[in-house]
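Enquirer: Chains D and A, in that order, give the protein sequences.
For what it's worth, our numbering labels the leading residue of the first sequence as 678, then goes sequentially.
For what it's worth, our numbering labels the leading residue of the second sequence as 115, then goes sequentially.
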Amino acid sequence: MSGFSDPFQPDARLSHGCGCGRHASAAEHDAALAGAPADALTGRVVEGAVMRALFPRDEMRRGLLRAVGAGTALAAISSLFPLAAAKEVFAAGSGKLEKAKLKVGFIPITCATPIIMAHPMGFYAKHGLDVEVVKTAGWAVVRDKALNKEYDAAHMLSPMPLAITLGAGAKPIPYTMPAVENINGQAITLAIRHKDKRDPRQWKGFKFAVPFDYSMHNYLLRYFVAEYGIDPDRDIQIRVVPPPEMVANLRADNIDGFLAPDPVNQRAVYDGVGYIHTLSKDIWEGHPCCAFAASKEFVTQMPNTYHALLKAIIDATAFARKQENRKQIAAAIAPANYLNQPVTVVEQVLTGTFADGLGNVRKVPDRIDFDPFPWHSFAVWILTQMKRWGQLKGDVSYERVAQEVYLATDAARLMKEVGLTPPTTTTKKFTVMKKEFDPTQPEAYVASFAIKRTA
Amino acid sequence: MERFHAWRAPALSLLLLLLFIGAWHAATLPTASRQVVDPEYAKLVGAAAATGQKSAFPTPAEVGAKIWQHLKEPFYDHGPNDKGVGIQLAYSLARVIIGFLLAALVAIPVGFLIGMSPLVYRALDPFIQVLKPISPLAWMPLALFTLKDSGVSAVFVIFICSLWPMLVNTAFGVGAVRREWLNVARTLEVGPMRKALRVILPAAAPTIMTGMRISIGIAWLVIVAAEMLVGGTGIGYFVWNEWNNLSITNILTAILAIGLVGMALDLTLARLTRLVTFPE
Chain D
678 MSGFSDPFQP
688 DARLSHGCGC
698 GRHASAAEHD
708 AALAGAPADA
718 LTGRVVEGAV
728 MRALFPRDEM
738 RRGLLRAVGA
748 GTALAAISSL
758 FPLAAAKEVF
768 AAGSGKLEKA
778 KLKVGFIPIT
788 CATPIIMAHP
798 MGFYAKHGLD
808 VEVVKTAGWA
818 VVRDKALNKE
828 YDAAHMLSPM
838 PLAITLGAGA
848 KPIPYTMPAV
858 ENINGQAITL
868 AIRHKDKRDP
878 RQWKGFKFAV
888 PFDYSMHNYL
898 LRYFVAEYGI
908 DPDRDIQIRV
918 VPPPEMVANL
928 RADNIDGFLA
938 PDPVNQRAVY
948 DGVGYIHTLS
958 KDIWEGHPCC
968 AFAASKEFVT
978 QMPNTYHALL
988 KAIIDATAFA
998 RKQENRKQIA
1008 AAIAPANYLN
1018 QPVTVVEQVL
1028 TGTFADGLGN
1038 VRKVPDRIDF
1048 DPFPWHSFAV
1058 WILTQMKRWG
1068 QLKGDVSYER
1078 VAQEVYLATD
1088 AARLMKEVGL
1098 TPPTTTTKKF
1108 TVMKKEFDPT
1118 QPEAYVASFA
1128 IKRTA
Chain A
115 MERFHAWRAP
125 ALSLLLLLLF
135 IGAWHAATLP
145 TASRQVVDPE
155 YAKLVGAAAA
165 TGQKSAFPTP
175 AEVGAKIWQH
185 LKEPFYDHGP
195 NDKGVGIQLA
205 YSLARVIIGF
215 LLAALVAIPV
225 GFLIGMSPLV
235 YRALDPFIQV
245 LKPISPLAWM
255 PLALFTLKDS
265 GVSAVFVIFI
275 CSLWPMLVNT
285 AFGVGAVRRE
295 WLNVARTLEV
305 GPMRKALRVI
315 LPAAAPTIMT
325 GMRISIGIAW
335 LVIVAAEMLV
345 GGTGIGYFVW
355 NEWNNLSITN
365 ILTAILAIGL
375 VGMALDLTLA
385 RLTRLVTFPE
């Protein structure tokens, strides 16, 4: 019998002979099918096995399929048995890496910690991969190099895969985000000359920098100032400046402040140029920031490599979660090959014991944390903000885009394998500056803001 | 008189250099600290920030020490994102030379054609006039989008910026060959190929070489900016990476290296120009 015949075809016989009836023998049928993509075939094998277990007598199966149709039967059986999950497990189990030498791009900021540290600390090697981590000059270049396939996967900002998939600011290409890198870990830093202007209502006319248009930094800064009645498009100026150039610009009084990833904030303090005004965790506790992203093509065409890579990164993330490892990580990623920063700057960011630029030493252990799970509700929130600020026009199918891009199932399974406890659902409610966000009501959420650019 | 000049000019150069370094040294002398912060805080920030100041510009001695450190070990390789200045310069030079030679391969034949035929000259002139003033870096996003490779894009940017001076100079040089020489060639019934190679080329060579000298200068200016954009390798990437670290000493070292290599490239082409120039 052929393991590859479609068990949802009523006329296919699973027990003997050629399934489709067009070939003399099962062997010949298999030869004809050999041209089909391998993952579709392994999927068939799993479906066949399940159907045989459910319907030991072939007549019963055929009767059911004729009566209700293949689609309904598939849906009914999927509800009893997680076919999709079983197919994935089967695919993951089949082992051999399609490609062992990979290139992964990153921006030199602490958000990329798991991607970077996996190199010096051997997490890639542990999973059989020879990964070259390549430092990149800015987000637009990361995007272009990833789209050009110079990078197999890359460190991106969590809104970027959504924007690329939807074709906002790039040509639409199906992109995926299998894991979040870090949560929290950003801050609003103001120039030292503004040390008396702590109240955001005094910020009218300020020039702020964010790393990219499609970044959590942009959305968080806009959200933050808008909550204080400042219109981010009219009352202040927000410009895109690559993180490495932010401190130099702040020093030259070119900008008044920025909402930036670390180590940029801490570096501004280290050089006596700025002070840390608000940690991003005080805007939204547990917000996602950077992400590990790969094209849908890479995920589907090299499933084993993709799994090994994702597992290495989730493994590294699990290691980075532990406070006691943070000093060791800081020492590993500070050299010129990676972040190129003084060790103490990186250490202050990762351990959360830091100088705030005003003469105080603050202790905030969860200043940055690492959690790989790509909540679908994160994606929905990001999409609501894209809609709010006019980056997306028209109707957005929030839930569908979130599911397609944020690959929660894969992350959950691999998190279990490395000893983390993944959540059981993919959506949750959270609060951003005391305002609750309900992921099932995105349109109402967008409409609830006083300051917005929805035309 | 001549003998005086021989040592006076270098002496004056040296004096200017010493004056410059002296002024620099005086300007970067550490100022007395005005404000004392608690030692726990001081440990977490840079020396300048601990005394309530912004970090200062490096002194000449610091830069000198850094240059010496780079000179001792110019070819180290500590992974894909951390290589010695020598290796970075080699990457940049390779890109410049490849882009420059490709541009020469296109510009010199096309320049010949334009110079020899007034019709082609008039037909291509509007295109050249529009394309020539475009900053080569403006091509970068377009190149990344279409060529789909950052290394090739960097070479393309060098190609496009070296093209125009060579093209225009070749056309000018070819067009300005003396009428009499061409008339002599015609009287002797020289074939077109032979005329181009034996009469026009030697006559136009100095002008063509001047175009090449301008081109390589521009190419070397542009490569630094291009590498800062695409990153990865090269002296431009080195500058960007050190800017990232706000390491002014390293940036000054790189600036010096860029200047010296640019001077070497220019001198080489000047020497070549002298080789093809003949006295009339």
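We put the beta carbon where it would ideally sit given N, CA and C, even for glycine.
Going by DSSP, which residues form a beta bridge with SER972/D?
Expert: For SER972/D, which the question treats as bridged, DSSP gives the partners TYR852/D.
Enquirer: Label ASN297/A either buried or exposed according to how many other C-beta atoms from any shown protein chain fall within 10 Å of its C-beta, with 16 as the threshold for buried.
Expert: So ASN297/A counts as exposed.
Enquirer: Here's a check: name, in chain order, each residue in its chain whose Cβ is nearer than 6 Å to the Cβ of TRP309/A, leaving out the five neighbours to either side.
Expert: Note that residue 309/A is Lys in the sequence shown here, rather than Trp. Around LYS309/A: ALA299.
Enquirer: For LYS1112/D, name the three-state secondary structure that DSSP assigns.
Expert: The answer is strand: DSSP assigns LYS1112/D an E or B state.
Enquirer: Let me know the secondary structure DSSP gives ASP807/D once reduced to three states.
Expert: Note: ASP807/D maps to strand in three-state DSSP.
Enquirer: Between ALA715/D and chain A, is there a C-beta pair that is closer than 8 Å?
Expert: Unreliable placement is indicated for ALA715/D, whose pLDDT of 43 sits below 50; no coordinate value is reported for it.
Enquirer: Report yes or no: do the region 936-956 of chain D and the region 853-869 of chain D share at least 3 C-beta pairs separated by less than 8 Å?
Expert: In short, these stretches touch, since the Cβ pair count reaches three.
Enquirer: Say whether chain A places a C-beta atom closer than 8 Å to the C-beta of GLN1018/D.
Expert: Interface residue, yes.
Enquirer: What in chain D is Cβ-close to SER206/A, meaning under 9 Å?
Expert: By Cβ distance, chain D contributes nothing, its closest Cβ being about 15 Å from SER206/A, past 9 Å.
Enquirer: Short of 6 Å in beta carbon distance, which residues of its chain neighbour LYS988/D, apart from the five on each side in sequence? Order them along the chain.
Expert: Taken in chain order, the residues that qualify are HIS804, LEU1091.
Enquirer: Under 8 Å Cβ-Cβ, which residues of chain A neighbour MET825/D?
Expert: Correcting the residue type first, residue 825/D is Asn in the shown sequence and not Met. Residues of chain A passing the Cβ test: LEU258, LYS262, ASP263, SER264.
Enquirer: Between which two residues does the alpha helix (DSSP H) carrying PRO921/D extend?
Expert: 920-928 is the span of the alpha helix (DSSP H), which, as asked, contains PRO921/D.
Enquirer: For MET833/D, name the three-state secondary structure that DSSP assigns.
Expert: MET833/D: strand per DSSP, three-state reduction.
Enquirer: For LYS881/D, count the other beta carbons within 10 Å of its own beta carbon; 16 or more makes it buried, fewer makes it exposed. Which is it?
Expert: Exposed, by the Cβ-count rule.
Enquirer: Got a sec: is the Cβ-Cβ distance from VAL390/A to anything in chain D below 8 Å?
Expert: No, VAL390/A lies away from the interface with chain D (no Cβ there is under 8 Å from its Cβ).
Enquirer: Closest Cβ-Cβ distance between VAL344/A and chain D: below 8 Å?
Expert: Yes, because at least one Cβ of chain D sits closer than 8 Å to the Cβ of VAL344/A.
Enquirer: For CYS966/D, which three-state DSSP category applies?
Expert: The answer is coil: DSSP assigns CYS966/D none of H, G, I, E or B.
Enquirer: Compute the beta-carbon to beta-carbon distance between PRO855/D and LEU1060/D, rounded to the nearest angstrom, for a pair I have assumed lies under 8 Å.
Expert: Actually they are not in contact, since the Cβ atoms of PRO855/D and LEU1060/D sit about 18 Å apart, beyond 8 Å.
Enquirer: So which residues of chain A does ALA985/D contact, with C-beta pairs closer than 8 Å?
Expert: The contacting residues do not exist; ALA985/D stays about 20 Å from chain A at best.
Enquirer: Let me confirm a value: LYS1106/D is counted as buried when at least 16 other C-beta atoms fall within 10 Å, else exposed. Which label applies?
Expert: Its Cβ having fewer than 16 others within 10 Å, LYS1106/D is exposed.
Enquirer: Is the beta carbon of PHE975/D closer than 8 Å to that of ASP829/D?
Expert: Yes, Cβ-Cβ distance for ASP829/D and PHE975/D is below 8 Å.
Enquirer: Note down, in chain order, each residue of its chain lying with its Cβ closer than 7 Å to the Cβ of VAL924/D, except the 5 sequence neighbours on either side.
Expert: Only VAL941, ARG944, ALA945, ASP948, VAL950 meet the Cβ criterion.
Enquirer: Give the DSSP bridge partners of ASP191/A, in chain order.
Expert: Beta-bridge pairing links ASP191/A to LYS197/A.
Enquirer: If you measure beta-carbon to beta-carbon, which residues of the region 280-297 of chain A are closer than 9 Å to chain D?
Expert: Cβ contacts with chain D: none found.
Enquirer: How would you list, in chain order, the residues of chain D whose beta-carbon sits under 9 Å from the beta-carbon of VAL234/A?
Expert: Neighbours of VAL234/A on chain D: none; closest Cβ ~36 Å, over 9 Å.
Enquirer: Kindly indicate the opening and closing residues of the beta strand (DSSP E) around ILE953/D.
Expert: It spans 951-956 - the beta strand (DSSP E) in which ILE953/D sits, taken as one unbroken run.
Enquirer: Give me the chain A residues within the contact set of GLN1000/D, using Cβ-Cβ distance strictly less than 9 Å, ordered along the chain.
Expert: Simply none; closest approach about 18 Å.
Enquirer: Quick check: ALA997/D and PHE1050/D, are their CB atoms within less than 8 Å of each other?
Expert: The answer is no: Cβ separation not under 8 Å.
Enquirer: Give the interface partners of PHE1031/D over in chain A, defined as CB-CB distance under 8 Å, in chain order.
Expert: Result: LEU158.
Enquirer: Kindly list, in the order they appear in chain A, the residues whose Cβ is closer than 9 Å to that of PRO851/D.
Expert: Residues of chain A passing the Cβ test: none, with the nearest at roughly 18 Å.
Enquirer: Determine the chain D residues that contact TYR155/A at a beta-carbon separation under 8 Å, and present them in chain order.
Expert: Here the neighbours are ALA1032, GLY1036, ASN1037, VAL1038.
Enquirer: Let me see if you follow: with CB-CB separation under 8 Å, is ASP948/D close to chain A or not?
Expert: ASP948/D counts as touching chain A.
Enquirer: Please report the straight-line C-alpha distance between ALA141/A and PHE885/D, rounded to a whole angstrom.
Expert: Near 31 Å, if we compare the C-alpha coordinates of PHE885/D and ALA141/A.
Enquirer: Are the region 328-341 of chain A and the region 369-381 of chain A touching, with three or more C-beta to C-beta distances below 8 Å?
Expert: The region 328-341 of chain A is in contact with the region 369-381 of chain A.
Enquirer: Which runs of the alpha helix (DSSP H) fall wholly inside the region 1081-1105 of chain D and span at least 4 residues, in chain order?
Expert: Here the runs fully enclosed are 1085-1094.
Enquirer: Name, please, each residue of chain D whose Cβ falls closer than 7 Å to the Cβ of GLY193/A.
Expert: The answer, in chain order, is ASN1014.
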